[in-house]
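Student:
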Amino acid sequence: MNNTMVPKMRSVGASDVQGMRIILGGEAAGTVNVTGEWDSVDAFALAADELEADPGYAALMQDFGVTLLRRSLMTMEVERGERAGDYGSAFYVQGGGGRDQATLEANADVIWENLSKGARGMAQLRITAGAEMTGVGILFQSGDSLDAILEASHKNLADPAVKAMMADQNLNPIGRVLGKRLF
Numbered sequence: 081m082n083n084t085m086v087p088k089m090r091s092v093g094a095s096d097v098q099g100m101r102i103i104l105g106g107e108a109a110g111t112v113n114v115t116g117e118w119d120s121v122d123a124f125a126l127a128a129d130e131l132e133a134d135p136g137y138a139a140l141m142q143d144f145g146v147t148l149l150r151r152s153l154m155t156m157e158v159e160r161g162e163r164a165g166d167y168g169s170a171f172y173v174q175g176g177g178g179r180d181q182a183t184l185e186a187n188a189d190v191i192w193e194n195l196s197k198g199a200r201g202m203a204q205l206r207i208t209a210g211a212e213m214t215g216v217g218i219l220f221q222s223g224d225s226l227d228a229i230l231e232a233s234h235k236n237l238a239d240p241a242v243k244a245m246m247a248d249q250n251l252n253p254i255g256r257v258l259g260k261r262l263f
């Protein structure tokens, strides 16, 4: 899928394309998340129309046994490190909406100090359009070992500064999935 999906999505304007198979995560286990970045929502809407009108795209999806389950819009809030490594963790939280960029950046600095011990990168996103998941925050970590990612995550959640930040900003954990990067 890597050899065909990435060029196909880039051909319609995606600046970054990644795929991850969920290996642990309740009912999400076994699903594949494909993410792409576009300059705007309008640019993605045009890209989606172009992809869906392309018989080659439909054949690609069919060849790999892919069924589109959902599409969601996520907004990148902050990022640290690099988007690299064979594994990923997506940690979901409710609350914390309406924080200004300075607060998001300060939070990320504290969190990255902890997570960088086991991850190569982190990205904090907010689901902007995702049905019942709209407004949920996602802290995504990427790295070379799920054990290392989880150990760093657990230490982060035990950090008194992070506990205070989460309480002050009304951030409540609601779930996590673990995955293997496909491309």
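Under this note's numbering, read the sequence shown as residues 81 to 263, first letter to last. We treat Cβ as the ideally placed atom computed from N, Cα and C, and that holds for glycine. These numbers were taken from a predicted model, which means no experiment stands behind them.
(1) How would you label residue 168, buried or exposed, when you count the other beta carbons within 10 angstroms and need 16 or more for buried?
(2) Hey, out of 200, 170, 204, whose CA is closest to residue 186's CA?
(3) Could you give the DSSP three-state label for residue 195: helix, strand or coil?
(4) What residues match up with residue 96 in a beta bridge as DSSP calls it?
(5) Less than 8 Å between the C-beta atoms of residue 228 and residue 198, yes or no?
(6) Rank 194, 157, 193 by C-alpha distance to the C-alpha of residue 177 and give the top, closest one.
(7) With contact counted as at least three CB pairs below 8 Å, one residue from each stretch, are the segment 120–137 and the segment 102–110 in contact?
(8) On the criterion of 16 or more Cβ atoms from any shown chain inside 10 Å, does residue 194 qualify as buried, or is it exposed?
Tutor: Looking at the coordinates:
(1) With 16 or more other Cβ atoms within 10 Å, it is buried.
(2) Distance from the Cα of residue 186 is smallest, within the candidate group 200, 170, 204, for 204.
(3) Secondary structure of residue 195 (DSSP, three-state): helix.
(4) Beta-bridge partners of residue 96 (DSSP): 117.
(5) Yes. Within cutoff.
(6) If we check each option's Cα against that of residue 177, 157 comes out closest.
(7) In short, these stretches do not touch, since the Cβ pair count stays below three.
(8) Residue 194 comes out buried.
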